[in-house]
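Residue numbers (our numbering), protein chains in the order written: chain A, 11 to 565; chain B, 11 to 565.
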């Protein structure tokens with residue numbers, strides 16, 4: 011009280027009681043003034059504000075209600091600003107108490123300045139409502155504006171001794187053991203908001219482009235791929251519930267085709283299930299697929315790929331145009347372990363929206379891979395003959411010099427992860443790459459074969475399909491034109507050795523071809539994988555609130 | 011060719027070949043003129059069009075691509091209009107052929123006028139692309155505008171001898187036996203477009219109101235209601251796949267609470283499953299729930315009900331502002347059997363958006379029901395004593411006179427369907443009615459008890475909850491505040507006799523109450539039931555593309 015304050019750091023703390031207190035944030039200066047009622051405080055404070063600001067602040071509807079909205083509010087708000095959220099950090103000093111508060115509308119926080127009395131009951135994780143004035147922060151490095159508390163109301167306590175998120179830094183592995191609380195971490199909040207923003211963008215994209223959103227069934231007596239690992243569904247006593255055996259869908263494609271043949275352009279965001287015992291960073295037993303199906307396709311897979319490119323770009327546009335979300339995803343906090351570097355992450359987004367997406371055929375991809383192997387061997391030979399002073403005696407080849415793949419490259423093989431990543435890196439140059447027209451034997455029975463005149467010079471059979479490869483990640487989208495001719499489809503099913511029983515089960519799918527089956531095509535995007543790529547997390551388990559994988563079904 | 015034409019009915023048919031033909035739609039007049047190329051036709055036709063129209067038509071991006079967009083195009087489009095769709099009806103006359111074409115973007119059709127040669131290959135259900143001019147129809151009664159074909163391209167045949175939708179009129183029961191083709195009926199198309207429009211509106215409503223869209227798990231080891239009939243999930247050989255028994259979710263509420271306690275305001279549109287053997291018009295084994303959960307609720311259920319009212323109204327606003335969809339739903343076609351009268355349907359929509367939604371307590375509802383019974387008895391007594399000349403000797407009581415319920419009315423009972431319908435009809439007066447504060451013993455363990463001072467005079471215990479009742483239909487939404495205090499929740503679970511095992515399984519849910527559990531509440535809307543109400547169909551099976559009910563899991 012006796013110290014001389016630093017004028018630029020003076021802060022006036024309002025309370026709902028009969029006093030205000032002015033403190034200095036750089037020293038111990040403190041000055042308390044008494045007022046008869048809380049109303050006088052408001053009157054005095056309102057002298058400072060411009061008419062425009064005070065009007066805005068007093069229009070009840072215009073008042074921000076979330077942390078996100080408050081952070082976007084550039085004007086001052088006198089007295090009537092409020093934030094409801096959880097205490098993320100709290101620092102109690104002699105004359106003043108600082109807390110950061112978040113409500114999950116963003117991973118960012120609002121700084122609240124209080125009296126020690128006001129902050130006395132607050133602990134990390136506690137829920138509170140704080141009312142006061144939204145104003146410039148004297149310390150602009152940390153935040154532009156802050157909330158000066160007039161009233162602080164504790165809504166729910168949090169015992170700091172037991173709260174599992176008390177510690178500043180947690181591994182993803184630890185957090186996954188407490189999925190119900192993990193959601194409260196900054197990384198989780200950022201990714202959940204990314205998911206929400208992406209869902210909203212997708213809805214807008216498809217509505218604008220005259221697609222109908224549909225909800226295909228989850229329980230199905232048809233099995234799309236014919237060989238997938240499926241989950242069975244029974245009554246709770248494990249006895250059959252329906253007449254036929256019923257499974258959880260592995261893809262909505264077959265049902266979407268029926269809908270596209272009634273509605274022309276349809277899309278869905280549907281949960282999908284695979285009973286795989288894969289314990290990898292790319293697999294979940296329950297995941298979301300963004301699928302679309304288009305009838306009356308005139309330009310073959312080109313037209314279908316345009317939709318894939320359109321919707322993925324629109325998601326990323328939605329992300330980069332959302333300043334709060336962008337900052338959420340680019341901020342590295344102490345509890346963020348294992349996230350991609352912000353610069354690398356921005357490069358990913360940039361590759362999607364600002365760079366051309368190349369489209370090459372599988373045959374061209376094989377050529378590119380073979381060339382890479384050849385250049386790699388030449389490099390190694392040159393190095394081995396000691397002509398290359400850079401040669402260090404190892405046989406490591408960087409992708410700029412060529413490639414040294416583990417799996418040999420042959421036309422007809424499945425592209426391995428290393429091949430996909432090479433193609434995305436070198437051919438895509440940081441942008442996604444479409445690889446089209448795969449060999450027929452690598453793909454499912456329902457894909458439309460390319461006409462003989464589009465076969466390669468050796469007459470090898472390919473289908474009108476595509477995969478989308480992302481840098482560092484590989485395949486994330488698959489799509490194709492569908493065989494729309496009844497006899498050809500039935501013939502292919504038999505040729506592949508599908509049983510009479512299976513063909514009969516898919517009779518309804520075959521029958522779609524009998525009447526007015528316009529040329530149709532579609533695709534499926536692994537939504538969680540795309541989110542992991544856009545958020546810069548390695549494991550898709552981080553993108554899902556309650557992930558189910560390899561024996562794990564918590565909560 | 012020799013007849014004298016009716017000038018107002020002359021139509022010029024363009025072709026891509028070297029001729030145009032002028033025919034009269036009221037008589038057999040026909041005149042063919044030769045041109046050297048198709049281009050000349052365009053030049054000649056363009057003389058008729060205003061500069062504005064032809065500019066619009068020639069901006070490639072502005073060309074309508076769906077039937078819906080074409081029907082909304084008020085201007086003429088010379089030559090470059092196109093429609094891709096299925097032939098719904100076709101009428102082949104001597105000098106001209108008329109067809110109606112739909113693509114499912116609306117249940118409405120575009121009328122196409124062709125030469126008999128152009129229409130020769132077309133049959134009902136066939137897929138075709140027709141290019142030509144979009145112009146005023148000489149016969150305005152049926153349609154304002156029509157497409158005059160220059161080029162007709164058959165894309166996929168349809169054998170009229172076998173096509174199951176050839177007949178004009180089908181019962182819903184028959185159509186349900188062919189779900190993959192049923193989607194092509196006008197009623198199905200209308201309802202699927204309603205579903206799509208509603209989904210898009212919901213996304214916009216929640217985005218605007220700062221809710222995050224989340225995707226809670228479908229596979230769960232927790233059972234929300236504690237007693238529901240659940241589906242079990244196993245590997246395809248019916249052996250356990252996960253360590254713990256896993257079920258399909260019956261409600262996302264518990265998981266949504268965990269998310270609301272991280273994100274404040276969340277919503278989801280999630281498939282939900284009940285293994286009930288109910289063969290009623292209101293039950294499906296797989297259905298969609300629109301659920302939302304809100305933390306930091308300050309005004310109790312009032313605040314939660316405001317969100318319910320907001321989102322339902324926004325869906326109906328989206329419907330009535332969508333002229334094409336509105337017409338789809340109000341048009342009665344020959345294949346529409348069992349749909350509500352258009353006037354009645356408009357009254358439903360009007361009740362939702364233009365009338366006040368009353369909110370009454372359960373106790374008030376019981377009073378109203380008791381009064382109705384009393385008035386009904388008095389009416390019957392008067393009638394029996396022959397004082398009433400209108401009495402016909404029966405004991406039927408209309409709701410305007412009182413009520414004669416099958417189930418006796420007592421405080422503490424579950425409201426039966428007849429009670430709910432009466433309340434919605436008389437108390438709601440055609441608008442939805444909220445009934446709040448039900449007896450505690452009727453509701454699940456997680457609902458927040460009302461404080462003693464809000465109990466009724468007899469001190470009976472109620473919970474802070476609500477049901478939304480719709481006229482003619484009854485309950486469609488349920489919601490409540492949640493018990494947010496650890497000890498109270500645990501105590502209630504024990505008081506209800508939940509096993510140690512069950513309580514342990516819900517340990518994570520209990521634990522949400524330990525740290526910063528702000529007051530929270532939420533609701534679930536039966537989305538398919540709401541759509542059935544808005545579409546005017548009695549059975550919710552009509553609102554779902556591939557309905558699963560009582561032993562039926564087709565496709």
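The C-beta atom is built at its ideal place from N, Cα and C for all residues, glycine as well.
What you are looking at is a predicted structure, and each value in this text was computed from that prediction instead of being measured.
Closest by CA to residue i, which one among the options?
{"i": "residue 155(B)", "options": "128(B), 306(B), 84(B)", "result": "84(B)"}
{"i": "residue 170(B)", "options": "196(B), 107(B), 136(B)", "result": "136(B)"}
{"i": "residue 76(B)", "options": "97(B), 98(B), 113(B)", "result": "113(B)"}
{"i": "residue 383(B)", "options": "260(B), 180(B), 349(B), 411(B)", "result": "411(B)"}
{"i": "residue 271(A)", "options": "524(A), 489(A), 534(A), 548(A)", "result": "524(A)"}
{"i": "residue 174(A)", "options": "528(B), 541(B), 522(B)", "result": "522(B)"}
{"i": "residue 355(A)", "options": "198(A), 230(A), 531(A), 544(A)", "result": "544(A)"}
{"i": "residue 420(A)", "options": "391(A), 450(A), 458(A), 376(A)", "result": "376(A)"}
{"i": "residue 414(A)", "options": "422(A), 437(A), 423(A), 388(A)", "result": "388(A)"}
{"i": "residue 143(B)", "options": "151(B), 187(B), 93(B), 290(B)", "result": "93(B)"}
{"i": "residue 296(A)", "options": "351(A), 269(A), 261(A)", "result": "261(A)"}
{"i": "residue 209(A)", "options": "550(A), 547(A), 537(A), 542(A)", "result": "537(A)"}
{"i": "residue 259(B)", "options": "250(B), 519(B), 281(B), 123(B)", "result": "281(B)"}
Assuming residue i is part of the beta strand (DSSP E), what are its boundary residues?
{"i": "residue 90(B)", "result": "87-102"}
{"i": "residue 140(A)", "result": "137-146"}
{"i": "residue 280(B)", "result": "275-283"}
{"i": "residue 444(B)", "result": "443-446"}
{"i": "residue 299(B)", "result": "296-305"}
Would residue i pass as a contact of residue j if the rule is Cβ separation under 8 Å?
{"i": "residue 254(B)", "j": "residue 116(B)", "result": "no"}
{"i": "residue 552(A)", "j": "residue 182(A)", "result": "yes"}
{"i": "residue 359(A)", "j": "residue 326(A)", "result": "yes"}
{"i": "residue 80(B)", "j": "residue 207(B)", "result": "no"}
{"i": "residue 448(A)", "j": "residue 379(A)", "result": "no"}
{"i": "residue 248(B)", "j": "residue 408(A)", "result": "no"}
{"i": "residue 474(A)", "j": "residue 460(A)", "result": "yes"}
{"i": "residue 489(A)", "j": "residue 166(B)", "result": "no"}
{"i": "residue 145(B)", "j": "residue 119(B)", "result": "no"}
{"i": "residue 322(B)", "j": "residue 370(B)", "result": "no"}
{"i": "residue 263(A)", "j": "residue 534(A)", "result": "yes"}
{"i": "residue 257(A)", "j": "residue 290(A)", "result": "no"}
{"i": "residue 266(A)", "j": "residue 301(A)", "result": "yes"}
{"i": "residue 532(B)", "j": "residue 314(B)", "result": "yes"}
{"i": "residue 226(B)", "j": "residue 555(A)", "result": "yes"}
Which first and last residues belong to the alpha helix (DSSP H) in which residue i is found?
{"i": "residue 539(B)", "result": "537-545"}
{"i": "residue 315(A)", "result": "311-330"}
{"i": "residue 123(A)", "result": "Careful: residue 123(A) lies outside any alpha helix (DSSP H), inside the beta strand (DSSP E) at 120-124."}
{"i": "residue 216(A)", "result": "196-218"}
{"i": "residue 383(A)", "result": "372-394"}
{"i": "residue 361(A)", "result": "352-364"}
Closer than 7 Å by beta-carbon distance: list the chain B residues that pair up with residue i, in chain order.
{"i": "residue 526(A)", "result": "96, 135, 136, 137, 166, 168"}
{"i": "residue 256(A)", "result": "563"}
List, in chain order, every chain B residue whose beta-carbon is nearer than 9 Å to that of residue i.
{"i": "residue 226(A)", "result": "555, 556"}
{"i": "residue 529(A)", "result": "137, 165, 166"}
What does residue i reach in chain A if we use C-beta pairs closer than 9 Å?
{"i": "residue 113(B)", "result": "273, 274, 275, 305, 306"}
{"i": "residue 79(B)", "result": "220"}
What does residue i reach in chain A if we use C-beta pairs closer than 8 Å?
{"i": "residue 494(B)", "result": "166"}
Would you mind telling me which residues of chain A sit closer than 7 Å to residue i, beta carbon to beta carbon, in chain order?
{"i": "residue 203(B)", "result": "222"}
Closer than 8 Å by beta-carbon distance: list the chain B residues that pair up with residue i, in chain order.
{"i": "residue 242(A)", "result": "243, 244, 245, 246, 247, 248"}
*Check whether the segment 270-279 of chain A touches the segment 208-228 of chain A, counting contact only when three or more Cβ pairs, one atom from each stretch, lie closer than 8 Å.*
yes
*Please determine if the segment 505-512 of chain B and the segment 552-565 of chain B are in contact, where contact requires at least 3 C-beta pairs separated by less than 8 Å.*
no
*Should the segment 156-167 of chain B be called in touch with the segment 85-103 of chain B, which here means at least 3 C-beta pairs below 8 Å?*
yes
*Would you check if the segment 185-194 of chain A and the segment 305-318 of chain A touch, i.e. whether three or more CB-CB distances between them fall below 8 Å?*
no
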